[in-house]
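**Q** One structure coming up, written as structure tokens, with questions to follow.
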Amino acid sequence: DIGTIAADGWVRITGRKKELIITAGGKNVAPAAIVQLLINQPHIDMAYIHGDRRKYLTALLVPDAAALAHSARQLHLPGETLPELLAHPQLRETIDREVQEANRQLPRFMQVRYYRILAEPFSVENGELTHTLKLRTEIVEEKYKQLLDSMYDE
């Protein structure tokens, strides 16, 4: 485990060593802290952080379909499914603002520089989650390799 010792002497676990990302610049990043900031946002349900041996971090985001549908209704936008909702620039901008809000709480080397929004959630059925609902990063990296690599070509 990776952690910090707080001023009051308590140990705070921030991630697991095997989940540690080491950037091309040599910075150690525990992605769990970034994921938590992202999924605490109202319209983001799931997140995967990528960037081992890369110059910066990127993310795959799964929106919260119910929250997006609620926002769409408030804005009088049609659609119920994620693909329909994500077709609206206003809703994509909402997610962008939330990513920027999460980034403001992080040091620069831990900020998500680019991200892609997925229209399908990670699931046990498609092999991306374990039966205990932990993300199978090796499967996600393999399945979305081209999408992840494309964010480093920008």
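Take 3 as the starting number for the sequence shown in the numbering used here and just add one per residue.
Using N, Cα and C, we set each Cβ at its ideal position, and we do this for glycine too.
Note that the structure is a prediction, hence the values are computed from the model and not measured.
1) DSSP state of T139, grouped into three classes?
2) Can you tell me where the beta strand (DSSP E) holding V114 begins and where it ends?
3) What separation, rounded to the nearest whole angstrom, lies between the Cα atoms of I97 and H45?
4) Taking the beta carbon of P91 as the centre, do at least 16 other beta carbons fall within 10 Å, making it buried, or is it exposed?
5) Taking the C-alpha atoms as reference points, what is the distance between I7 and Y50?
6) Should T60 go down as buried or exposed, given a rule of 16 or more other Cβ atoms within 10 Å for buried?
7) Can you tell me the Cα-Cα spacing of A68 and R118, whole angstroms?
8) Let's see if you can read the secondary structure: which residues bound the alpha helix (DSSP H) around A104?
9) Helix, strand or coil for K147, going by three-state DSSP, please let me know.
10) Ignore the nearest five residues each way along the sequence and tell me which others in E100's own chain have a CB closer than 8 angstroms to its CB.
11) Quick one: any contact between the region 104-112 and the region 136-143, if contact means 3 or more CB pairs under 8 angstroms?
12) Going by DSSP, name the residue or residues bridged to I51.
**A** Taking the definition as stated:
1) Correct three-state label for T139: helix.
2) Membership of V114 in the beta strand (DSSP E) is indicated by the continuous run 114-119.
3) So the two alpha carbons sit approximately 6 angstroms from each other.
4) Exposed: under 16 other Cβ atoms inside 10 Å.
5) Rounded to whole angstroms, I7 to Y50 spans 26 angstroms at the Cα level.
6) Classification of T60: buried, given that the 10 Å Cβ count is 16 or more.
7) One alpha carbon belongs to A68, the other to R118, and they sit about 19 angstroms apart.
8) The continuous alpha helix (DSSP H) containing A104 extends over residues 91-106.
9) In this structure, K147 counts as helix in the three-state DSSP scheme.
10) Excluding positions up to five away in sequence, the list reads L40, Q43, P44, H45, I46.
11) No: fewer than three Cβ pairs fall under 8 angstroms.
12) Note: I51 sits in a beta bridge opposite A61.
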